[in-house]
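First to last, the sequence lines map onto chains A and B.
At position 107 of the first sequence the residue is numbered 109 (the working numbering), and the sequence of numbers has no breaks.
At position 89 of the second sequence the residue is numbered 91 (the working numbering), and the sequence of numbers has no breaks.
Right, one structure below, let's go through it.
Protein chains: 2
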Amino acid sequence: MSSVTQANGEGGRPLRRDAERNRGLILDAARQVFAAQGLDAGFDEIARVAGVGVGTVYRRFPERGDLVEALFEQEIDAVVARAEQAAADPDPWRGLADFLHWGTDAQAADRGLAQVLASAGRGHERVARERDRLRPAVQALVEHAQRAGVLRPDVGELDVGMVVALIGRVGGPERADLRHRFVTLLLDGLVVRRDTPTPLTPVQTSEDDLACVFEQPRPRR
Amino acid sequence: MSSVTQANGEGGRPLRRDAERNRGLILDAARQVFAAQGLDAGFDEIARVAGVGVGTVYRRFPERGDLVEALFEQEIDAVVARAEQAAADPDPWRGLADFLHWGTDAQAADRGLAQVLASAGRGHERVARERDRLRPAVQALVEHAQRAGVLRPDVGELDVGMVVALIGRVGGPERADLRHRFVTLLLDGLVVRRDTPTPLTPVQTSEDDLACVFEQPRPRR
DNA sequence: GTAGAACCGGAAAAGCTGTTCCACTTCGTT
DNA sequence: AACGAAGTGGAACAGCTTTTCCGGTTCTAC
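Here it is, written out as structure tokens:
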């Protein structure tokens, strides 16, 4: 979590040195808190983690959207980059599979990112623009795999996006095993044809807690 | 939504006539409100729909769990029944597919049911007992399909449960098209082998709103 | 070094939601 | 019909989260 020491926002005069430092602390804290609790996390929690007063957070980012935009523009960019990289994989199927595995884990590790990627625009203009770059990237990935004849032709980039959003919400960051299992299952449904099931990774503890699907406790304090 | 005029709960003396009537109204209202908003719906909303005061709801059902138990015991029973029925289908694959389609729609139509089925116990004892009957039923369904050689052998009843929970959370009651699409996709991953993809139902409006995955606005008022 | 603007912290105010409580009403009984 | 017990409604209360605000502090410019 390196401090984002990017200068002040849009037009205003430069921030005072201490204010700039605090801004960085707040952004780092928000990244962390949003990742763990989602975009609805309280400002007081962010302030606590940043080690500043609540008032400071409110002055620098009068509304939640400002904070979200400042943070997730680059995070979404990372997703786009990964999609493009996947689309460029010489093995189209491996590219697709990698993207699904990585994407679901990325969203599970960062609830805020998952929410930003799912919510259609809702205020965050800069984020929306960045996210619009994602669709063509995934589309390229999909078409690449379809031209190679491995991915069924009747699915589109939206299907892939939804699937990633869906499985990305399974379990916490630590249940990658579960997610990978479902991704594998789904890939077996996405492939054009197959003679035998792809081996599934056995899940660690599969007791009766299918509650781990979606249970989203807000870890407070 | 027929009024549940079942007599008073466990041991107490019979309720007064008007109280019994109100109890029915509250249960009907709660069923409706829990279905639309989930188990976290406010008691005031239930009271409003029932046309009684909040105090009345609190008197009859001092805590949320009482209301939940009174309502969902029979609803879960319906799910168990459907699973058993599916397991008895002469065509095991059709049985499985039917259960997945029906189960996902049932959970989408009733958020409360979805939550009750997912949450491991958490207080609701009678509900937990009922839900414990579900696991063997699904297991039978799974094994039936596996013995017939159509369902891949490396999945269990928990996988099926999780998948139903997962896809049941896609979209609102009206987006059955989306859910069916995903179920079909997933079934193509669950089948032992196939030469060609099962045709997907084209989704109605697949604009950029992949937000419909999971967006759970609490419809207030 | 000093003046003054920018900035800070956190206590207080404002909202929200869930729960209790009691003056009043309704019902069943005699 | 009239009495007491049971039941009711909704205002008041309590706990929690979000937002504002201001006395005091820190930085920069001169």
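All C-beta atoms, glycine included, are put in the ideal place defined by N, C-alpha and C.
Extent of the continuous alpha helix (DSSP H) to which residue i belongs
i	result
residue 58 (chain B)	56–62
residue 29 (chain A)	19–39
residue 128 (chain A)	127–134
Own chain partners of residue i with C-beta closer than 6 Å, once the 5 adjacent residues on each side are dropped
i	result
residue 91 (chain B)	97
residue 105 (chain A)	166
residue 82 (chain B)	135, 136 and 139
residue 175 (chain A)	110 and 111
residue 146 (chain B)	89 and 94
residue 63 (chain A)	69
residue 77 (chain B)	115
Sequence-distant residues of the same chain with beta carbon closer than 8 Å to residue i, five excluded per side
i	result
residue 141 (chain B)	158 and 159
residue 151 (chain B)	194
residue 206 (chain B)	179
residue 188 (chain B)	102, 165 and 169
residue 3 (chain B)	Its pLDDT being 43, under 50, residue 3 (chain B) is placed unreliably in this model, and the value from its coordinates should be taken loosely. The residues are 30, 33 and 34.
Where residue i falls: helix, strand or coil (DSSP)
i	result
residue 196 (chain A)	strand
residue 143 (chain B)	helix
residue 172 (chain B)	strand
residue 153 (chain A)	strand
residue 183 (chain B)	helix
residue 205 (chain B)	coil
residue 15 (chain A)	coil
residue 178 (chain A)	helix
residue 158 (chain B)	coil
residue 191 (chain A)	helix
residue 167 (chain B)	helix
residue 42 (chain B)	coil
Rounded separation between residue i and residue j - CA only
i	j	result
residue 182 (chain A)	residue 172 (chain A)	10 Å
residue 48 (chain A)	residue 79 (chain B)	44 Å
residue 148 (chain A)	residue 109 (chain B)	33 Å
residue 54 (chain A)	residue 114 (chain A)	22 Å
residue 117 (chain A)	residue 60 (chain B)	35 Å
residue 195 (chain A)	residue 93 (chain A)	17 Å
residue 56 (chain B)	residue 138 (chain A)	52 Å
residue 203 (chain A)	residue 20 (chain A)	50 Å
residue 7 (chain B)	residue 45 (chain B)	Only weak support exists for where residue 7 (chain B) lies, its pLDDT of 41 falling under 50; the value from the coordinates is given anyway. Using only the alpha carbons, I get a separation of about 20 Å.
residue 41 (chain A)	residue 130 (chain B)	32 Å
residue 37 (chain B)	residue 87 (chain B)	24 Å
residue 9 (chain A)	residue 132 (chain A)	Confidence in residue 9 (chain A) is poor, its pLDDT being 42 and thus under 50, which makes the residue's placement unreliable; the coordinate value appears in the next sentence. Cα-Cα distance, rounded: 20 Å.
residue 11 (chain A)	residue 179 (chain B)	Bear in mind that the predicted position of residue 11 (chain A) carries a pLDDT of just 46, short of 50, making it unreliable; the figure below should be weighed with that in mind. Rounded to the nearest angstrom, the two C-alpha atoms are 43 Å apart.
residue 161 (chain A)	residue 68 (chain A)	30 Å
residue 120 (chain A)	residue 22 (chain A)	31 Å
residue 66 (chain A)	residue 112 (chain A)	17 Å
residue 85 (chain B)	residue 185 (chain B)	16 Å
residue 170 (chain A)	residue 27 (chain B)	40 Å
residue 39 (chain A)	residue 126 (chain B)	26 Å
residue 100 (chain B)	residue 143 (chain B)	11 Å
residue 192 (chain B)	residue 107 (chain A)	22 Å
residue 156 (chain A)	residue 155 (chain B)	27 Å
residue 43 (chain A)	residue 153 (chain A)	39 Å
residue 128 (chain A)	residue 75 (chain A)	7 Å
residue 18 (chain B)	residue 24 (chain B)	10 Å
residue 197 (chain B)	residue 197 (chain A)	8 Å
residue 201 (chain B)	residue 163 (chain B)	24 Å
residue 16 (chain A)	residue 177 (chain A)	44 Å
7 Å CB neighbourhood of residue i in its chain, flanking five on each side removed
i	result
residue 51 (chain A)	31, 34 and 35
residue 199 (chain B)	190
(message) Give the list of continuous alpha helix (DSSP H) stretches no shorter than 4 residues that lie fully inside the region 50–124 of chain B.
(response) 56–62, 66–89, 94–111 and 113–120
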